[in-house]
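In my numbering, the protein residues as written are 1295 to 1511. Where is the CB? At the ideal position from N, CA and C, for every residue including glycine. Just so we're clear, the structure is a prediction, and the values are computed from it rather than from any experiment.
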Amino acid sequence: MGTGDPAARDASTDPGGPRPWSSIALAVVDGLAGTGPDQLLAALSARSGLACRPVTLAPPPLLEPLAGRPQLDADKLLGRLEEAARALGQVPLVGVTGRDLGVPLFTFVFGRARLGGAAALVSTARLRPELYGQVADPSLVARRAAGEILHELGHLAGRIHCEDPRCVMHFAASVEAADLRGDRFCPSCATALPPGLAPARDAAGERLGPSPLRPSA
Ligand SMILES: [Zn+2]
Ligand SMILES: [Zn+2]
1295 MGTGDPAARD ASTDPGGPRP WSSIALAVVD GLAGTGPDQL LAALSARSGL
1345 ACRPVTLAPP PLLEPLAGRP QLDADKLLGR LEEAARALGQ VPLVGVTGRD
1395 LGVPLFTFVF GRARLGGAAA LVSTARLRPE LYGQVADPSL VARRAAGEIL
1445 HELGHLAGRI HCEDPRCVMH FAASVEAADL RGDRFCPSCA TALPPGLAPA
1495 RDAAGERLGP SPLRPSA
């Protein structure tokens, strides 16, 4: 897929292929926004059959801004997390940050991962309801972040974007679209994932959040 293809927006190819996973390690990078680490771990544990555990990266990964923009360079930070995952022997490693993430081609990304990679990166910065004129809701931010994490874990497991609009592997360019797709894998994605990662959604699916959302001025 080309770089202009939305399917390539947050995932590029790393010819490693899916590997068996025993746990998901969650590392908070430079703090969270809109929710807390315990709430996020609980939300992720509720959606995944694998053990989810916090890890502290020491030294913390280098944070590099995207040139000319008030954002972290998502690809550079993902590279640091991949190095940390290999050094720790922990795959997958998920870095979560409250800082806004960007890449040169897109104004922002919710997350970043490479197909078959060792680590994923997710930001809670744009998952906060107050950014869209709604009241703060740490539990909603945790559920949204868990959905984004599962999406990126799907990429690590080798899944590309899914055409099922109610599958968490469906591409979403906005919080509203992410809420619509929900935080569950469709049956066909679920069966292709590492054993135990996540149960498939029921037939009805489920959306997150109180949308419709409108960006505040
Ligand atoms: Zn994606
Ligand atoms: Zn799917």
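{"query": "Which parts of the region 1354-1382 are runs of the alpha helix (DSSP H), unbroken and 4 residues or longer, counting only runs that do not cross its ends?", "result": "1368-1382"}
{"query": "Does the count of Cβ pairs from the region 1373-1383 and the region 1443-1450 closer than 8 Å reach three?", "result": "no"}
{"query": "May I ask you to report which of helix, strand or coil DSSP gives residue 1448?", "result": "helix"}
{"query": "Is it the case that the Cβ atoms of residue 1356 and residue 1374 are separated by a distance below 8 Å?", "result": "yes"}
{"query": "Closer than 8 Å by C-beta to residue 1311: which residues in its own chain qualify, once you throw out the five before and the five after it? Chain order, please.", "result": "Note that residue 1311 has pLDDT 44, beneath the 50 cutoff, so the model's placement of it is unreliable and the number below is only indicative. Counting only Cβ-Cβ distances below 8 Å, and skipping sequence neighbours, we find 1410 and 1452."}
{"query": "Taking the DSSP output, what are the residues bridged to residue 1400?", "result": "1397"}
{"query": "Under 8 Å between the Cβ atoms of residue 1421 and residue 1469?", "result": "yes"}
{"query": "For residue 1432, which residues of its own chain have a beta-carbon under 7 Å away from its beta-carbon, when the five flanking residues on both sides are left out?", "result": "1328, 1329, 1330 and 1333"}
{"query": "Residues with a Cβ closer than 5 Å to any heavy atom of ligand 2, in chain order?", "result": "1456, 1458, 1461, 1463, 1480 and 1483"}
{"query": "Between the C-alpha atoms of residue 1347 and residue 1317, what's the straight-line distance to the nearest angstrom?", "result": "7 Å"}
{"query": "By the DSSP assignment, the alpha helix (DSSP H) with residue 1483 in it spans what residues?", "result": "1481-1486"}
{"query": "Could you give the residue range of the beta strand (DSSP E) that holds residue 1417?", "result": "1413-1417"}
{"query": "Determine the DSSP secondary structure at residue 1342, reduced to helix, strand or coil.", "result": "coil"}
{"query": "What's the C-alpha gap between residue 1492 and residue 1478?", "result": "8 Å"}
{"query": "Rounded to whole angstroms, what is the Cα-Cα separation between residue 1337 and residue 1437?", "result": "6 Å"}
{"query": "Tell me the rounded alpha-carbon separation between residue 1406 and residue 1322.", "result": "15 Å"}
{"query": "Between which two residues does the alpha helix (DSSP H) harbouring residue 1469 extend?", "result": "1469-1475"}
{"query": "By the three-class DSSP mapping on this structure, what secondary structure does residue 1317 have?", "result": "strand"}
{"query": "Quick check: is any heavy atom of ligand 1 less than 7 Å from the C-beta of residue 1369?", "result": "no"}
{"query": "Using CA atoms only, rank isn't needed, just tell me which of 1395, 1455, 1435 and 1427 is closest to residue 1372.", "result": "1395"}
{"query": "For residue 1430, count neighbouring C-beta atoms within 10 Å of its own C-beta (all shown protein chains included) and say buried if the count is 16 or more, exposed if not.", "result": "exposed"}
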